[in-house]
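Enquirer: Residue numbers (mature numbering (1 follows the signal peptide of the UniProt record, and there is no 0)): -28 to -1, 1 to 310. Below is the structure I would like to discuss, written out as structure tokens.
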Amino acid sequence: MFRQTRTRTLAALAVLGLVAGCSSAPEADTDTAARETSPLASPAAGSPFWVDPASPAAQQVQRWEQQGRERDARLLKLIADRPAAIWPSAERPEPKIKEATAAAAREGRTAVFVAYDIPHRDCGQHSAGGAYGADAYRDWIDRFARAIGDSEALVVLEPDAVAHIVDGCTPGEYHAEREQMLTEAIVRLKRQPRTKVYLDAGNPAWIRESWKLVEPLRRAGVANADGFALNVSNFQTDETTKEYGRRLSEDLGGKHFVVDTSRNGNGPLDGDPSQAWCNPPGRALGTPPTKETGDPLVDAYLWIKRPGESDGQCRGGPSAGQWWADYALALARNSSAP
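So, in structure tokens, the structure goes:
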């Protein structure tokens, strides 16, 4: 969500517990039957957000059903039957965006997207990449926005991009350009009449003093966004994240926010923070996506990080963003009622 940086910053980032989500080997759970009856297993009927029927989780369910792994398939429906954000490709974002918005419109729901192509992305780490330069990024965002058109959509803009300015991972010579690109991206996306935009602001375990984010967020144009996003691809609990978000909101004049609850059901991994962010074992699905948050500042709980997609090649995981069925199954097994 950005990474062409110096080696000295990488260790610091790991200690700060970044949003990336690397999965570890799934742990055995002998209480599967009990967890299958959890309220978390109820259907997603009535959700305001679109569920992708062809997601990796949905395809895995079908494969396991064909193989006779019926219990595992039922558990994985905790992921497959719930809405998760779409991360359109850096090369051609239009096809997936148009497909998702059209399907969502037919169902009267909102498609959720992540715009993730900022230059110097992820400081050269697990999710390195991004647009070649500012002009390429502007073109990508323009194509992204045009593909949304008049459809109802929610866009989480550039996970990690602002927080990497604050923690020093992104070299200083790129800061002003990045803030300008984010400002322009918000304005461009908001030209679409039914698109909401939330600028990413990291997580409470990363930039611990929320006030440090205030000026960078302002310079990145958060005033023109619908709000900011927290906990993307991370594991901080709802309460910890909301407390952090309220402080940040107060400093930003009452801005609203959304929270990624995709994998925070058991909170963060204890122990060495440098090991806590990448495919940690024993994690669980969190609060299902909803606009009914019970908090006037929290516009939605969302599954922004797609549960079951690897954070990177750690703990036996595949490359960042690749589907990892065993880790997905562990998340479902470990889940309990929110």
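No residue lacks a Cβ here, since even glycine has one placed at the ideal position from N, Cα and C. All figures in this text were calculated on a predicted structure; none of them were measured in a lab.
1) Just tell me which of R163, R160 and I137 has its CA closest to the CA of E151.
2) Is the shortest distance between the beta-carbon of P20 and the beta-carbons of chain B less than 9 Å?
3) I'd like the span of the beta strand (DSSP E) that includes L48, first residue to last.
4) What does a CB cutoff of less than 7 Å around D242 pick up in its chain, not counting 5 residues either side in sequence?
5) With three or more beta-carbon pairs closer than 8 Å as the criterion, would you say the stretch 27 to 47 touches the stretch 249 to 266?
6) Can the beta-carbon of A157 be found closer than 9 Å to that of E187?
7) Reducing DSSP to helix, strand and coil, say where A56 ends up.
8) By the DSSP assignment, the beta strand (DSSP E) with H228 in it spans what residues?
9) For the ligand GTP, any of its heavy atoms closer than 8 Å to the Cβ of E149?
10) Here's the rule I'm using: 16 or more other beta-carbon atoms within 10 Å means buried, otherwise exposed. How should A300 be labelled?
11) Measuring alpha carbon to alpha carbon, tell me which residue in S19, F229 and I276 is nearest F207.
12) Leaving out five residues before and five after Y88 in sequence, what residues of the same chain have Cβ atoms less than 7 Å from its Cβ?
13) Please confirm whether V169 and A197 have their CB atoms less than 9 Å apart.
14) Can you say whether G102 is buried or exposed, counting buried as having 16 or more other CB atoms within 10 angstroms of its CB?
15) With the cut-off set at 9 Å, would you say R64 and S19 are in Cβ contact?
16) Can you tell me which of V128, I179, M153 and D107 puts its alpha carbon nearest to the alpha carbon of C141?
17) Which of the three DSSP states is assigned to Y216 in this structure?
18) Measure the alpha-carbon distance for A183 versus Y216 and round it to whole angstroms.
19) Just tell me which of F85, Q32 and G105 has its CA closest to the CA of A117.
20) If you count every other CB in all the chains shown that lies within 10 Å of the CB of P261, and 16 or more means buried, which is it?
21) With a CB to CB cut of under 6 Å and the five nearest residues on each side skipped, what residues in its chain are close to S61?
22) Comparing alpha-carbon positions, which option in A45, V23, P279 and P290 lies nearest A76?
23) For the beta strand (DSSP E) that K168 lies in, which residues bound it at each end?
24) Is it true that the CB of L161 sits closer than 9 Å to the CB of V134?
25) Among D223, H92 and E66, whose alpha-carbon lies nearest the alpha-carbon of Y146?
26) My output table needs one value for A103: the three-state DSSP class, helix, strand or coil.
27) Assuming A56 contacts P279 under a Cβ cut-off of 8 Å, what Cβ separation, rounded to an integer in Å, is found between them?
28) Determine whether the beta carbon atoms of Q164 and A125 lie at a separation below 9 Å.
29) Report the residue from T212, P245, V194 and L154 whose alpha carbon sits nearest the alpha carbon of G105.
Expert: Judging by the given coordinates:
1) I137
2) Among the protein chains of the structure shown there is no chain B, as only one such chain exists.
3) From DSSP, L48 is part of no beta strand (DSSP E) but of the alpha helix (DSSP H) over E42 to A52.
4) none
5) no
6) no
7) coil
8) H228 to D232
9) This structure simply doesn't include the ligand GTP, nor any ligand for that matter.
10) buried
11) I276
12) M(-28), W59, E130 and P131
13) yes
14) buried
15) no
16) I179
17) helix
18) Note that residue 183 is Trp in the sequence shown here, rather than Ala. Each residue's Cα considered, the two are about 10 Å apart.
19) F85
20) buried
21) none
22) V23
23) T167 to D172
24) no
25) H92
26) coil
27) 7 Å
28) yes
29) L154
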